[in-house]
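In UniProt numbering, the protein residues as written are 1 to 245. C-beta atoms are modelled at their ideal positions from N, C-alpha and C, and glycine is treated no differently. Values in this document were obtained by computation on a predicted structure and should not be read as measured data. These notes concern the structure reproduced below.
If you want it as structure tokens, here you go:
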């Protein structure tokens, strides 16, 4: 294939832009914020599960306290009722029976109140545990918001860079012939990104192999407008005054 030395040099610009594009595209996928957000998301899920467990434990104690409070209320009403009956009965036998029942009820009430106090203390502990996990969840949420903001800012900058690089690439690609552009694209794919390389001091800048013997003679004897390739990596070799041939 024939291509002017100027057009061949443009391939080096195209190669540099493509390498930069690959680097920036990789940066968009490898931002540290992506990893941070994944870890924070896992931590948030774990914290939410913990919160659900703690809230369930708190609710169980609330249910237990409500039951005890109901029992206390029932006993208090019975004490009030029996005390009222004592005041209005004239039967000694009935009074004795009521007093016996009242004694039993008061003991029952005292026991229930002690249990109630213990359950209330447990409830305070459970509520404190829930509050602590809620605070942890909220803190993680704030970290996520901060990381998302940082990620979005970084992505916006990288997106801007990609736009500029793609515009520059379109200009350079438009300055070379279609057949040369097609050849470059094919080499870019088969060479895994190594499509064009400067021959400097008889060394391919793509694979850093130095040309010798017949390979060097073949390149040296080729006209300047011949498109030549590196015998080792297959990249299009761009010859300049730096080539040393």
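Short Cβ contact (8 Å threshold) for residue 191 with residue 233: Along the chain shown, one-based indexing puts residue 191 at 191. Along the chain shown, one-based indexing puts residue 233 at 233. In this structure, residue 233 lies closer than 8 Å to residue 191 by Cβ.
Boundaries (first-last residue) of the beta strand (DSSP E) holding residue 196: Translated into positions along the chain shown, residue 196 becomes position 196. First-last of the beta strand (DSSP E) with residue 196: 196–200.
Whole-angstrom distance between residue 38 and residue 197, CA atom to CA atom: Position 197 of the chain shown, counted from the start, is the residue given in the question as residue 197. Position 38 of the chain shown, counted from the start, is the residue given in the question as residue 38. Taking the straight line joining both Cα atoms gives about 39 Å.
Beta strand (DSSP E) segment containing residue 238, residue limits: In the chain shown, the residue the question calls residue 238 occupies position 238. Start and end: 236–239.
Buried or exposed by the 16-neighbour rule on C-beta atoms within 10 Å, applied to residue 179: Position 179 of the chain shown, counted from the first residue, corresponds to residue 179. Residue 179 should be labelled exposed.
Option in 83, 204, 131 with minimal Cα separation from residue 47: Within the chain shown, the letter at position 47 stands for residue 47. The residue with the shortest Cα to Cα distance from residue 47 is 131.
Local conformation of residue 47 per DSSP, three classes: The residue labelled residue 47 in the question sits at position 47 within the chain shown. Of the three classes helix, strand and coil, the one that applies to residue 47 here is helix, per DSSP.
Supposed close pair residue 199, residue 1 - CB separation, criterion 8 Å: Start at 1 with the first residue of the chain shown, and residue 199 comes out as number 199. Start at 1 with the first residue of the chain shown, and residue 1 comes out as number 1. 17 Å between Cβ atoms; not a contact.
Any chain B beta carbon closer than 8 Å to residue 158: Among the protein chains of the structure shown there is no chain B, as only one such chain exists.
Residue 203 - partner residues in DSSP beta bridges: For the purposes of this step, residue 203 is taken as residue 203 along the chain shown, with counting starting at 1. Answer is 200, 210, bridged to residue 203.
Cut-off 6 Å between Cβ atoms - residues of its own chain near residue 64, not counting five sequence neighbours on either side: Translated into positions along the chain shown, residue 64 becomes position 64. Answer for residue 64: 119, listed in chain order.
Contact check, residue 73 vs residue 86, beta carbons under 8 Å: As a working mapping, residue 73 is identified with position 73 in the chain shown. As a working mapping, residue 86 is identified with position 86 in the chain shown. No, they are not a contact pair.
Own chain partners of residue 75 with C-beta closer than 6 Å, once the 5 adjacent residues on each side are dropped: Here residue 75 is taken as the residue at index 75 of the chain shown, counted from 1. Counting only Cβ-Cβ distances below 6 Å, and skipping sequence neighbours, we find 105, 108, 109.
CB contact flag (residue 288, residue 158, <8 Å): The chain is shown only over 1 to 245; residue 288 falls outside these bounds and no answer can be derived.
For residue 125 and residue 115, the rounded distance between their alpha carbons: Counting from one through the chain shown, the residue named residue 115 turns up at place 115. Counting from one through the chain shown, the residue named residue 125 turns up at place 125. Their Cα atoms are separated by approximately 15 Å.
Residue 71 (DSSP reduced to helix, strand or coil): Numbered from its first residue, the chain shown carries residue 71 at position 71. DSSP places residue 71 in helix when its eight states are reduced to three.
8 Å Cβ cutoff met for residue 169 and residue 12: By 1-based counting over the chain shown, the position of residue 169 is 169. By 1-based counting over the chain shown, the position of residue 12 is 12. No, the Cβ-Cβ distance between residue 169 and residue 12 is not below 8 Å.
Environment of residue 56 [buried if 16+ CB atoms lie within 10 Å]: Working through the chain shown from its first residue, we reach residue 56 at position 56. Classification of residue 56: exposed, given that the 10 Å Cβ count is below 16.
From 90, 5, 154, 96, residue whose alpha carbon lies closest to that of residue 32: Translated into the one-based positions of the chain shown, residue 32 becomes position 32. For the residues 90, 5, 154, 96, the minimum Cα distance to residue 32 belongs to 154.
Inter-residue spacing [alpha-carbon to alpha-carbon] between residue 82 and residue 102: Translated into positions along the chain shown, residue 82 becomes position 82. Translated into positions along the chain shown, residue 102 becomes position 102. Their backbone Cα atoms lie some 7 Å apart in a straight line.
Distance CB(residue 172)-CB(residue 25) smaller than 8 Å: Walking along the chain shown from the start, residue 172 turns up at place 172. Walking along the chain shown from the start, residue 25 turns up at place 25. Contact: no.
Cut-off 6 Å between Cβ atoms - residues of its own chain near residue 188, not counting five sequence neighbours on either side: Translated into positions along the chain shown, residue 188 becomes position 188. The residues are 195.
Nearest-angstrom Cα separation, counted from residue 60 out to residue 138: Within the chain shown, residue 138 is the residue found at index 138, counting from 1. Within the chain shown, residue 60 is the residue found at index 60, counting from 1. Near 24 Å, if we compare the C-alpha coordinates of residue 60 and residue 138.
Own chain, CB closer than 8 Å to residue 161, minus 5 neighbours either side, in chain order: Along the chain shown, read from residue 1 onward, the residue named residue 161 stands at position 161. Correct list, in chain order: 24.
Option in 229, 175, 95, 129 with minimal Cα separation from residue 205: Position 205 of the chain shown holds residue 205. It is 229 whose Cα lies nearest to the Cα of residue 205.
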